[in-house]
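*Asks:* Can you keep this structure in mind? I'll have questions shortly.
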């Protein structure tokens, strides 16, 4: 085996062995789910019901030596008629939060153009709102799937 | 193959490996639990005043009316209604009535005499939020009522939720 062949095989093994090592530089996790959100009051008679806000959860993001990233969010099913669940993800990694976004069954950009960060923790704020047309809604759940992808 | 070419190949391989990893999407899930409770709220504004001062000869005294008050309602239920009552009966020969303008889709019963028993004023209120609705009061007196000094009644309006 020539010297060149040996070197090629060695570098090839190194590069493929490095895959799990590189993967450790891009991590994305969320804390526990938000508490139950309940709409049960109006600010004044004649007005629509008051919204309910939960800002108790966050996401943790690390990215080193990786392309810019974005976070999308989507629900497993649409909200009931007359109800809206909006989410605001505080930016991380020098990215840009897209601000309050109404969530539905389509993936929506929440934070875009995220660069390098190490263990950055950012708040997720959910706001539940309903019009009177929604009526009385028994307790339900929606799964919010957050996905970290390359940007754009 | 020269050493230079081998190095280029290694770099390419490394970039391929790196790109494959960084392009992988990472996902996380949260569960959002939510509900909407029954909401029925009304509000009234204004302090109406009614005085009977005139009459047409040969007829009962002329009624006094006041339409200066207003009301608002929010309900997320179907078929809610508004009732009204007063805590103390009116003096003999004197009748105080109330008439609420119905919100969209509701039905007003028109002027209804107020007593200590709740009476329906508006029915069929369904899933709406509406304000600036009119409230009219009317005071009737017979001649037999005589002269009555100034008095007051607190009118209690109640919204009863539907389904």
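Residue numbers (the working numbering), protein chains in the order written: chain A, 318 to 469; chain B, 6 to 168.
Glycine included, each C-beta is placed from N, C-alpha and C at the ideal position.
#1: Looking at residue 162 of chain B: is its Cβ nearer than 7 angstroms to the Cβ of residue 89 of chain B?
#2: Determine whether the Cβ of residue 460 of chain A lies closer than 7 angstroms to any Cβ atom of chain B.
#3: Would you please state the rounded distance, in angstroms, between the beta carbons of residue 445 of chain A and residue 392 of chain A? I believe it to be under 8 angstroms.
#4: Can you grab the Cα-Cα spacing for the pair residue 156 of chain B / residue 111 of chain B, in whole Å?
#5: Using the Cβ count rule (16 or more neighbours within 10 Å means buried), how would you classify residue 45 of chain B?
#6: Any contact between the segment 359-373 of chain A and the segment 420-437 of chain A? By contact I mean 3 or more CB pairs, one from each, below 8 angstroms.
#7: Just by C-beta distance, which residues in the segment 34-66 of chain B are closer than 7 angstroms to chain A?
#8: Is it buried or exposed for residue 47 of chain B, if we count other Cβ within 10 angstroms and need 16 for buried?
#9: Counting along the chain, where does the beta strand (DSSP E) carrying residue 136 of chain B start and finish?
#10: Given that a residue counts as buried once 16 or more other Cβ atoms are within 10 Å of its Cβ, and exposed if not, what is residue 386 of chain A?
#11: For a test of the three-state rule: what should DSSP assign to residue 339 of chain A, helix, strand or coil?
#12: I'd like to know if the segment 370-386 of chain A and the segment 408-422 of chain A are in contact, where contact means that at least 3 CB-CB pairs between them fall below 8 angstroms.
#13: Residues in the same chain with beta-carbon distance under 7 angstroms from residue 83 of chain B, minus the five sequence neighbours each way, listed in chain order, please.
#14: Going by DSSP, what residues sit across from residue 355 of chain A in a beta bridge?
#15: Helix or strand or just coil, what does DSSP make of residue 48 of chain B?
#16: Among B/146, B/85, B/32, which has the Cα closest to the Cα of residue 108 of chain B?
#17: According to DSSP, is residue 61 of chain B helix, strand or coil?
#18: Please give me, in chain order, every unbroken run of the beta strand (DSSP E) with length at least 3 that falls completely inside the segment 375-435 of chain A.
#19: Applying the criterion that 16 or more other CB atoms from any shown protein chain within 10 Å of the CB defines a buried residue, is residue 119 of chain B buried or exposed?
#20: Between the segment 69-90 of chain B and chain A, which residues of the former have a C-beta closer than 7 angstroms to a C-beta of the latter?
#21: In terms of DSSP beta bridges, what is residue 100 of chain B paired with?
#22: Tell me whether residue 449 of chain A sits in a helix, a strand or coil according to DSSP, three-state version.
#23: Is residue 428 of chain A close to chain B, meaning its C-beta is less than 7 angstroms from at least one C-beta of that chain?
#24: With a 10 Å radius around its C-beta and 16 neighbouring C-beta atoms as the bar for buried, classify residue 351 of chain A as buried or exposed.
#25: If you count every other CB in all the chains shown that lies within 10 Å of the CB of residue 420 of chain A, and 16 or more means buried, which is it?
#26: Taking the beta carbon of residue 434 of chain A as the centre, do at least 16 other beta carbons fall within 10 Å, making it buried, or is it exposed?
#27: Cα-Cα, which of B/30, B/40, B/29 is closest to residue 459 of chain A?
#28: Which residues, in chain order, does the segment 121-148 of chain B contribute to contact with chain A at a C-beta distance below 7 angstroms?
*Replies:* To lay it out plainly:
#1: Taking the second chain and counting its residues from 1, one reaches residue 162 of chain B at position 157. Taking the second chain and counting its residues from 1, one reaches residue 89 of chain B at position 84. For residue 162 of chain B and residue 89 of chain B, yes; Cβs fall inside 7 angstroms.
#2: The residue you call residue 460 of chain A lines up with position 143 of the first chain. At least one chain B Cβ lies under 7 angstroms of residue 460 of chain A.
#3: Translated into the one-based positions of the first chain, residue 445 of chain A becomes position 128. Translated into the one-based positions of the first chain, residue 392 of chain A becomes position 75. Wrong, their Cβ atoms sit about 12 angstroms apart, outside the cutoff.
#4: Walking along the second chain from the start, residue 156 of chain B turns up at place 151. Walking along the second chain from the start, residue 111 of chain B turns up at place 106. Distance from the CA atom of residue 156 of chain B to the CA atom of residue 111 of chain B, rounded to whole angstroms, is 32 angstroms.
#5: For the purposes of this step, residue 45 of chain B is taken as residue 40 along the second chain, with counting starting at 1. When all chains shown are included, residue 45 of chain B counts as buried.
#6: no
#7: 34, 35, 36, 37, 38, 39, 40, 41, 42, 43, 44, 46, 47, 48
#8: Taking the second chain and counting its residues from 1, the one referred to as residue 47 of chain B is at position 42. Answer is buried; the Cβ neighbour count reaches 16.
#9: Numbered from its first residue, the second chain carries residue 136 of chain B at position 131. Element bounds for residue 136 of chain B: 133-146.
#10: Position 69 of the first chain, counted from the first residue, corresponds to residue 386 of chain A. It counts as buried.
#11: Walking along the first chain from the start, residue 339 of chain A turns up at place 22. Confidence at residue 339 of chain A is low in this model, with a pLDDT of 47, below 50, so the placement of that residue should be treated as unreliable; the coordinate-derived value is given next. The three-state secondary structure of residue 339 of chain A, taken from DSSP, is helix.
#12: yes
#13: Reading the second chain from its first residue, position 78 is the one you call residue 83 of chain B. Excluding positions up to five away in sequence, the list reads 131, 132, 167, 168.
#14: Here the question's residue 355 of chain A lines up with position 38 in the first chain. Paired residues: B/40.
#15: Looking up residue 48 of chain B in the second chain gives position 43. Looking at residue 48 of chain B - three-state DSSP - the assignment turns out to be strand.
#16: Locating residue 108 of chain B in the second chain gives position 103, counting from the first residue. Cα-wise, what sits closest to residue 108 of chain B is B/85.
#17: On the second chain, position 56 is the one that residue 61 of chain B refers to. Coil.
#18: 386-392, 400-406, 425-431
#19: Position 114 of the second chain, counting from 1, holds the residue named residue 119 of chain B. Flag for residue 119 of chain B reads buried.
#20: 77, 78, 79, 80, 81, 82
#21: Along the second chain, read from residue 1 onward, the residue named residue 100 of chain B stands at position 95. Residue 100 of chain B is bridged to B/145.
#22: Within the first chain, residue 449 of chain A is the residue found at index 132, counting from 1. Of the three classes helix, strand and coil, the one that applies to residue 449 of chain A here is helix, per DSSP.
#23: Counted from its first residue, the first chain places residue 428 of chain A at position 111. So no, residue 428 of chain A is outside the interface.
#24: Residue 351 of chain A sits at position 34 when you count from the first residue of the first chain. Per the 10 Å Cβ criterion, buried.
#25: Within the first chain, residue 420 of chain A is the residue found at index 103, counting from 1. It is buried - the Cβ of residue 420 of chain A has at least 16 other Cβ atoms within 10 Å.
#26: Translated into positions along the first chain, residue 434 of chain A becomes position 117. With 16 or more Cβ atoms within 10 Å of its Cβ, residue 434 of chain A is classed as buried.
#27: Against the first chain, residue 459 of chain A aligns to sequence position 142. B/40 is the residue among B/30, B/40, B/29 whose C-alpha sits nearest the C-alpha of residue 459 of chain A.
#28: 132, 133, 134, 135, 136
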